[in-house]
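Numbering (my numbering), first residue to last: 1182 to 1304. Okay, structure first, notes after.
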Amino acid sequence: MNIKVKPQTVNWKPPKLPPNWRTIDETSSAGCYRSRNGLAVMISCCRYEDGKNWIHLSISRRKSYPTWDEQVHIKELFLGKESKAIQVFPPRSQWVNDHPYCLHLWECLDGFELPDFRILGTI
């Protein structure tokens, strides 16, 4: 796997978090947060080999995967309600698994477009 990352290419500002969240660590391009209900979030901003700036959200719990509703809540809290985030299912040979119950969302800050899959009423 050939990953070329230039760290800290995007200055990111954390959202104003509700009182049930605490900050674990923050830099100008990343942050770690935990909610009272056990959700943990890591967020980072980098320019990848495609030349585009991407936000990476890692969402986890200690003993179970985050639910769909929890992922939606985290995406809206950290990226905004109208942001377009994607989840990637890479080939097994490219899997990276540092936490057994962690899921990842990605948002391109430079105009990454997906087709409008609603056209057939399937999403």
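Note that the Cβ used here is the ideal one computed from N, Cα and C, for glycine as well. Because the structure is a prediction, the values reported are computed rather than measured.
Item                                                                                                          : Value
Distance, Lys1256 Cα to Asn1183 Cα                                                                            : Its pLDDT being 47, under 50, Asn1183 is placed unreliably by the model, and the measurement read from it follows with that caveat. So the two alpha carbons sit approximately 27 Å from each other.
Phe1298, buried or exposed, once every other Cβ within 10 Å from all chains shown has been counted against 16 : exposed
Continuous alpha helix (DSSP H) stretch holding Glu1257: start and end                                        : Trp1249 to Leu1260
Contacting residues, own chain, Cβ-Cβ under 7 Å from Gln1189 (five flanking each side not counted)            : At Gln1189, the pLDDT of 46 sits below 50, so the modelled position is not reliable; the number obtained from the coordinates is stated separately. Here the set comprises Ser1209 and Ser1210.
Among Trp1235, Asn1278, Met1223 and Asn1201, nearest to Gly1292 - alpha-carbon criterion                      : Trp1235
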